[in-house]
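S.K.: One structure coming up, written as structure tokens, with questions to follow.
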Amino acid sequence: MTKQIKTSITINASRQKTWEILTDFEKYSDWNSFIKSVSGEVIVGNRIKVKLQGMIFKPVVMTFKENIEFKWLGHLLYKGLFDGEHRFYLTDNEDGSVNFEQSENFSGILVNLFSKSLDKNTRNGFEQMNKELKVLAEKH
């Protein structure tokens with residue numbers, strides 16, 4: 000079973016400025032209501048610690064391309080049970096704004112069990128974080 004959640008927002012700020020805020024993990028608790036913290040060395044292949052509301056997991060960094068893409072892969076307990084490949088992606092819009100896309104591909108035998116929660120809570124969390132990032136990036 001697989002499932003994808005994909006959200007996006009246009010931010011009236013440069014890709015560099017948006018990336019700078021997105022990757023300033025130490026300040027997440029100041030503005031990000033969805034992802035409370037990201038800690039560890041964010042290098043491809045490294046395991047990092049991500050804290051959401053009431054949940055901590057330790058995904059592996061899959062991609063980290065400056066000003067473009069940050070992706071990690073996490074598992075619930077063990078691979079194949081409930082896996083999530085989370086992705087942040089920035090695209091220049093040629094007008095000084097940037098498109099910020101946040102998505103996650105879920106797979107594993109428990110995806111069906113969590114499907115309704117993903118559609119509501121997880122999607123809402125993505126959308127809220129997107130709005131918060133937009134407000135912060137456009138303020139500077």
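At position 131 of the sequence shown (counting the first as 1) the number is 130 in numbering that gives the first Met the number 0, and the numbers step up by one without a gap.
Positions of the beta carbon are idealized from the N, C-alpha and C atoms, including for glycine.
Out of 51, 110 and 70, which has the shortest C-alpha to C-alpha gap to residue 60?
M.R.: Residue numbering aside, residue 60 sits at position 61 when the sequence shown is read from its first letter. Comparing Cα-Cα distances from residue 60 to each of 51, 110 and 70, the minimum goes to 70.
S.K.: Since residue 99 contacts residue 120 with CB under 8 Å, what's their CB separation in whole angstroms?
M.R.: Working through the sequence shown from its first residue, we reach residue 99 at position 100. Working through the sequence shown from its first residue, we reach residue 120 at position 121. Actually they are not in contact, since the Cβ atoms of residue 99 and residue 120 sit about 20 Å apart, beyond 8 Å.
S.K.: If distances are taken between C-alpha atoms only, which option among 32, 12 and 5 comes closest to residue 131?
M.R.: Reading the sequence shown from its first residue, position 132 is the one you call residue 131. Answer by Cα proximity: 32.
S.K.: Going by DSSP in three states, residue 104 sits in which element: helix, strand or coil?
M.R.: The sequence position of residue 104 within the sequence shown is 105, counting from 1. DSSP places residue 104 in strand when its eight states are reduced to three.
S.K.: Please indicate yes or no: does the CB of residue 14 lie closer than 8 Å to some heavy atom of the ligand MN?
M.R.: Among the components of this structure there are no ligands whatsoever, and the ligand MN is therefore not found.
S.K.: Hey, how far is the Cα of residue 142 from the Cα of residue 47?
M.R.: Coverage of the chain is limited to positions 0 through 139, which leaves residue 142 absent and any answer about it impossible.
S.K.: Please report whether the beta-carbon of residue 40 lies at a distance below 9 Å from any beta-carbon of chain B.
M.R.: The chain labelled as chain B is not found in the depicted structure, where only one protein chain is given.
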